[in-house]
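These notes are about the structure you will find just below.
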C-alpha cells in the first residue's frame with residue numbers, strides 16, 4: 049500500500065507499507081521517500097533484510 053504522507057514537513061512524500069507472511073509469521077515494513085518507486089524500493093530492501101534475519105533464526 050502506498051499513500052501521500054500528509055506530514056507538513058514532507059507534503060509530497062510517499063509512504064509505502066509492505067506486508068508479507070512467511071510460515072505463518074507476519075513481516076511488515078515501511079519507508080518514506082519523494083517518489084512511489086523510491087519508497088517501494090526502500091521498503092522492499094528492508095523487507096529483504098527482515099526475511100534474511102528470519103531465515104537465519106529458523107536455521108539455527
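In my numbering, the protein residues as written are 49 to 108.
Quick reminder that beta carbons are idealized off the backbone N, C-alpha and C, glycines included.
Original post:
When DSSP labels each residue in this structure, what does residue 65 get in the three-state scheme?
Top reply: In the chain shown, residue 65 corresponds to position 17, counting from 1. Residue state, collapsed to three classes: strand.
**OP:** Return the Cβ separation of residue 92 and residue 70 in integer angstroms, given the expectation that the two are a contact with Cβ distance under 8 Å.
**Re:** Position 44 of the chain shown, counted from the first residue, corresponds to residue 92. Position 22 of the chain shown, counted from the first residue, corresponds to residue 70. Not really, about 14 Å apart at Cβ, beyond 8 Å.
Original post:
From which residue to which residue does the beta strand (DSSP E) around residue 76 run?
Top reply: Position 28 of the chain shown, counted from the start, is the residue given in the question as residue 76. Residue 76 -> beta strand (DSSP E) spans 73-81.
**OP:** Can you tell me the Cβ-Cβ gap for residue 53 and residue 80, rounded? I've got them flagged as a contact below 8 Å.
**Re:** Here residue 53 refers to the residue found at position 5 of the chain shown. Here residue 80 refers to the residue found at position 32 of the chain shown. About 6 Å separates the two Cβ atoms, so the contact holds.
**OP:** Rank 77, 97, 57 by C-alpha distance to the C-alpha of residue 64 and give the top, closest one.
**Re:** Along the chain shown, read from residue 1 onward, the residue named residue 64 stands at position 16. Residue 77 is the option with its Cα nearest to residue 64.
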